[in-house]
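Accompanying notes for the structure given below.
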Ligand code: PNS
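In our numbering, the protein residues as written are 26 to 186.
Put into structure tokens, the structure is as follows:
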């Protein structure tokens, strides 16, 4: 069975992430969304909260699983037998960092390829940090995050509530 992993911080998951996960799920028999612990970031949601939000948002995708992980992504890929990492690419600004990660990961585990899916045009501008900024000022985030998690994100981040 062809397994791909979709790694990220997902703090929180956006409609842009969901679009990439859904498209990966059409390309691979099994997709594991991995919420990776990143000690260099100060997230707004715990890894378990983030994983739970993604589980709710992907409940209708039968071949998608959601896990959390701390460590080297390529060790995780080996552990689950994944042959690909699927990531979304929004703009040229994403490219340098993503390209570096793809090359390092290839060096660490040559059996795994990184596939970049071009973001859908309507999500080009979206990022978790932009969503958090809008939510913190009480702005409407319904177009930005899956409906299953919108209320939770608003409750947590909107200082006005
Ligand atoms: O959503 P993000 O924060 O851009 O995702 C980055 C992530 C989690 C995919 C990346 O930081 C990662 O793979 N971390 C695990 C540690 C690792 O394997 N590092 C070596 C490759 S850079």
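Note that the Cβ used here is the ideal one computed from N, Cα and C, for glycine as well.
Point to revise | Any alpha helix (DSSP H) of 4 or more consecutive residues that is wholly inside the stretch 111 to 158 | key: Complete alpha helix (DSSP H) runs here, min 4: 117 to 133.
Check your understanding: Helix, strand or coil: how does DSSP classify residue 82 here?
Key -> In the chain shown, counting from the first residue as 1, residue 82 sits at position 57. Shown here, residue 82 sits in a helix according to DSSP, grouped into three states.
**Study point:** Start and end residues, beta strand (DSSP E) containing residue 92
**Key:** Your numbering for residue 92 matches position 67 in the chain shown. Following the DSSP letters along the chain, one finds residue 92 inside the beta strand (DSSP E) bounded by residues 89 to 94.
Check your understanding: What does DSSP give as the partner residues of residue 30 in its beta bridges?
Key -> Position 5 of the chain shown, counted from the start, is the residue given in the question as residue 30. Beta-bridge pairing by DSSP links residue 30 to 57, 110.
Check your understanding: Helix, strand or coil: how does DSSP classify residue 163 here?
Key -> For the purposes of this step, residue 163 is identified with residue 138 of the chain shown, where counting begins at 1. Residue 163: coil per DSSP, three-state reduction.
Exercise for review: With a threshold of 16 other CB atoms inside 10 Å of the CB of residue 184, please say whether the residue is buried or exposed.
Suggested key: What you label residue 184 is simply residue 159 of the chain shown in a count that begins at 1. Burial call: exposed.
Practice item. Compute the Euclidean distance between the alpha carbons of residue 118 and residue 111, then round it to the nearest angstrom. Key: Here residue 118 is taken as the residue at index 93 of the chain shown, counted from 1. Here residue 111 is taken as the residue at index 86 of the chain shown, counted from 1. So the two alpha carbons sit approximately 18 Å from each other.
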